[in-house]
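Participant:
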Amino acid sequence: MSDTTTMEQLVSLCKRRGFVYPASEIYGGINGFWDYGPLGIQLKNNVRDAWWRAMVECPPIGPDGQPVQIVGLDSSIIQNPKTWEASGHVGGFNDPMVDCKECKSRFRADQVAMVTFLVNGDEVMTVGAVCDSPEVAVDEAMSSLNSKNRRRLEKHGDKLVSVVKTVEQLPAGETGNCPKCSGELTEPRMFNLMFDTYTGAIRDENAKTYLRPETAQGIFLNYKNVLDTMRVKVPFGIAQVGKAFRNEVTPRNFIFRSREFEQMEMEWFCCEEDVPMWYEFWKQQRMDFWCKIGLEGDNLIFRDHDGDELAHYSKACVDIEYRYPFTAPGFGELEGIAHRGCFDLTQHQTHSKAKMEYFDQPNNRKFLPHVIEPASGLTRGTLALLCEAFTPDEGRASKVFMKFKPSMAPVKAAVLPLVAKDGMPEIATQLYMQLREKHMVEIDIKQSIGKRYARQDEIGTPYCFTIDGDTLDDNTVTVRHRDTLDQERIPLDGVAKFLDEKITG
RNA sequence: GCGGGCGUAGCUCAGUGGUAGAGCGUCACGUUGCCAACGUGAAUGUCGUGAGUUCGAAUCUCAUCGCCCGCUCCA
């Protein structure tokens, strides 16, 4: 089966069985937005709760044998817009871009240089070049030339002079040439990756605010509040789960890249000397987490960012990548663990004038903590679980079943009377009322037993408890196992304990 | 944003200018004895949306929205 087919079937199943619907569907949809159905939100909440549990409620044991300290937070989506100037998002998320009208290539305007070669003040040739800095532009331009043009320039020897301008610096009305095909480029155009809105009744530029493109900044804004009110000491972490918004150029691949998504981020504040140790610590912790909630080790990899891939403030960054069907045999990002140095606290201290320094009493010193940031996509994690669970099986009626780890399954168990008579529905209802006290369970009385098993397979319910004729005689029920189709009998009054052990054990 | 493909019932799809269809699913009633059983019946469609051509458009044209693939983007 092709991977495109797999995704199509998964998207279809998600719609059909109430995991994920296209947003605003009755109005024709809206690109890059998705709604989570009854089962989707259950699954997403399970991932979120597992993360919160692993971070805030029961954080890991640190290298010193003691549990590390992490507290929770839920900051506002809209903050003072100066937040995003300080963080660099107003600059960084607003890159002017140019497109080639001929070959349709797109470039960042500040990375395309026009190199004009002059001899005695006369222009000989102008060439476009892609470059990170003006210093390398001439070399880039030269190497992009064909041998004929290169000889034409080289014969001028020392008389040859070059002038470099990025296309941003060109006079108004003048456009550059494409570094690839020499075609005409468009004027630089802005691509705003941050959504903006207006706060308050007066709609002028002063009232402009932004929907957060990441949850992390809300943590930095509250770093001092937490420090002052929560009896925490460096090293410690602040964790947050919430929506973030990016006006992606091309939303793609189901819920993988959407314009509204959900993040689970933790900022770990520590002293500079210990940063490499904590970086390695969190790297391993985070990988263990994804395995623990049901992703196969083979489908997960670490990928270190190259130097030129790192953000300007970042000293190191590693992604945990998952082998999604649409990236296979390659991998796509699931979580990034970034070493952010003290960039963010420094920025906010500078822009806000608020003191962000930490006073280390035992050592009698003040410093700005450095930060390790494990930042994962909750919606991407949910997608990874959906992909991982999707298991075609021609041998069973549904042709496919969702093999969620029991602890992550949206529905933990279904209670099914074999037939709707002889008091079976009544016993089933009693069992259902008991089980729902602790777990997400369903009761389903209508239709044939096979049809009901098939439906539970498709939504990934790990256990079905069937009340049958024998139940009436000896108070036992059939347990039907999703993955193996095996059946066993257990006492009716042992069902709750059985389920507890399977879900939490 | 560019290029290509696509859009008909909840899902998968047939329907090339002349009555809106199939399978599956869903629901109801009957039946039921462990894997989408069976019988009977039912609901569900502005044929993505809007204009145009035509006596007549799901079908042809244009625009638009959305989805998929490839670029590009993803500080």
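So for the first sequence, my numbering puts the first residue at -11; every next one is plus one.
Where is the CB? At the ideal position from N, CA and C, for every residue including glycine.
What you are looking at is a predicted structure, and each value in this text was computed from that prediction instead of being measured.
Would you call the segment 444 to 453 and the segment 464 to 478 touching, i.e. three or more CB-CB distances under 8 Å?
Facilitator: Yes, they touch.
Participant: Determine the DSSP secondary structure at D(-9), reduced to helix, strand or coil.
Facilitator: In the structure shown, D(-9) sits in a helix (DSSP, three-state: H, G or I).
Participant: Who pairs with V152 in a beta bridge, going by DSSP?
Facilitator: DSSP output for V152 lists V103 as bridge partner(s).
Participant: Among all the DSSP beta bridges, which residues are the ones paired with L288?
Facilitator: According to DSSP, which records beta bridges pairwise, L288 is partnered with Y310.
Participant: How should A232 be labelled, buried or exposed, when 16 other C-beta atoms within 10 angstroms of its C-beta is the threshold for buried?
Facilitator: Counting Cβ neighbours within 10 Å, A232 comes out buried, since at least 16 surround it.
Participant: What are the boundary residues of the beta strand (DSSP E) that A401 is part of?
Facilitator: Counting along the chain, the beta strand (DSSP E) containing A401 begins and ends at A401 to P405.
Participant: Quick check on DSSP: helix, strand or coil for Q57?
Facilitator: It is coil, neither helix nor strand.
Participant: Between P69, F277 and E261, which lies nearest to W40 when the distance is taken from Cα to Cα?
Facilitator: Answer by Cα proximity: F277.
Participant: What is the residue span of the alpha helix (DSSP H) that G457 lies within?
Facilitator: Element bounds for G457: G457 to D462.
Participant: Ordered along the chain, which non-local residues of its own chain (more than five positions away) have a Cβ less than 7 Å from that of P313?
Facilitator: Contacts found: D(-9), T(-6), M(-5) and C375.
Participant: What is the residue span of the alpha helix (DSSP H) that A204 lies within?
Facilitator: Taken as a continuous stretch (DSSP letters only), the alpha helix (DSSP H) holding A204 covers A204 to L209.
Participant: Tell me where the beta strand (DSSP E) around H427 begins and ends.
Facilitator: From DSSP, H427 is part of no beta strand (DSSP E); its letter is neither H nor E.
Participant: Could you check whether G79 and V100 sit closer than 9 Å to each other, using their CB atoms as the reference points?
Facilitator: No. Outside cutoff.
Participant: Since I believe S150 is in contact with F183 (beta carbons under 8 Å), could you give me their beta-carbon distance rounded to a whole number of angstroms?
Facilitator: With 8 Å as the limit, F183 and S150 do not qualify as a contact, their Cβ atoms being about 41 Å apart.
Participant: If we call anything under 9 Å between Cβ atoms a contact, is V35 one with I281?
Facilitator: Yes, the Cβ-Cβ distance between V35 and I281 is below 9 Å.
Participant: Rounded C-beta distance between E111 and V118? I'm assuming under 8 Å.
Facilitator: Wrong, their Cβ atoms sit about 21 Å apart, outside the cutoff.
Participant: Please report the distance separating the alpha-carbon of V495 from that of V214.
Facilitator: Residue 495 lies beyond the residue range present for the chain, which begins at -11 and ends at 493; the question has no answer from this structure.
Participant: D348 to G76, Cα distance in whole Å?
Facilitator: About 29 Å.
Participant: Give the straight-line distance between the Cα atoms of D292 and A326, rounded to the nearest whole angstrom.
Facilitator: Their backbone Cα atoms lie some 10 Å apart in a straight line.
Participant: Under a three-way DSSP split, which group does Q67 fall into?
Facilitator: Reduced to three states, the DSSP call for Q67 is coil.
Participant: Since L181 sits in a beta bridge, which residues does DSSP pair it with?
Facilitator: Note: L181 sits in no beta bridge, so no partner.
Participant: Which residues in the same chain have their Cβ closer than 7 Å to the Cβ of M130, if we skip the five residues on either side of it in sequence?
Facilitator: Excluding sequence neighbours, M130 sits near R138.
Participant: Pull up the DSSP beta-bridge partners for K466, would you.
Facilitator: Reading the sequence as shown, one finds Thr at residue 466 and not Lys. In DSSP, T466 forms a bridge with T454 and R477.
Participant: Going by C-alpha distance, which of Q444, S364, I66 and D488 is nearest S386?
Facilitator: Comparing Cα-Cα distances from S386 to each of Q444, S364, I66 and D488, the minimum goes to Q444.
Participant: Starting from H327 and walking both ways along the beta strand (DSSP E), at which residues does that stretch end?
Facilitator: Its beta strand (DSSP E) spans residues G320 to G329.
Participant: If you count every other CB in all the chains shown that lies within 10 Å of the CB of Y198, and 16 or more means buried, which is it?
Facilitator: Its Cβ being crowded by 16 or more others within 10 Å, Y198 is buried.
Participant: Around the Cβ of I14, are there at least 16 other Cβ atoms within 10 angstroms (buried) or fewer (exposed)?
Facilitator: That one is exposed.
Participant: Which residue or residues does DSSP assign as beta-bridge partners of D23?
Facilitator: BP columns for D23 point to Y9.
Participant: At what residues does the beta strand (DSSP E) containing C258 begin and finish?
Facilitator: Looking at the DSSP string, the run of the beta strand (DSSP E) that includes C258 is E248 to C258.
Participant: Taking C-beta to C-beta, are A38 and S395 nearer than 9 Å?
Facilitator: Yes, they are a contact pair.
Participant: When the distance is taken between beta carbons, is D456 closer than 9 Å to V465?
Facilitator: Taking 9 Å as the Cβ cut-off, V465 and D456 qualify as a contacting pair.
Participant: Does the separation of the CB atoms of M218 and V59 fall below 9 Å?
Facilitator: Contact: yes.
Participant: Cα separation between F208 and P380?
Facilitator: Computed Cα separation, rounded: 45 Å.
Participant: Can you tell me whether I49 is buried or exposed, with buried defined as 16 or more other CB within 10 angstroms of its CB?
Facilitator: Per the 10 Å Cβ criterion, exposed.
Participant: Are D307 and L322 close, meaning C-beta to C-beta below 9 Å?
Facilitator: It is a contact, given that the beta carbons lie within the stated cut-off.
Participant: Pull up the distance between the alpha-carbon of R328 and that of A299, whole angstroms please.
Facilitator: Going by the C-alpha atoms only, they are around 9 Å apart.
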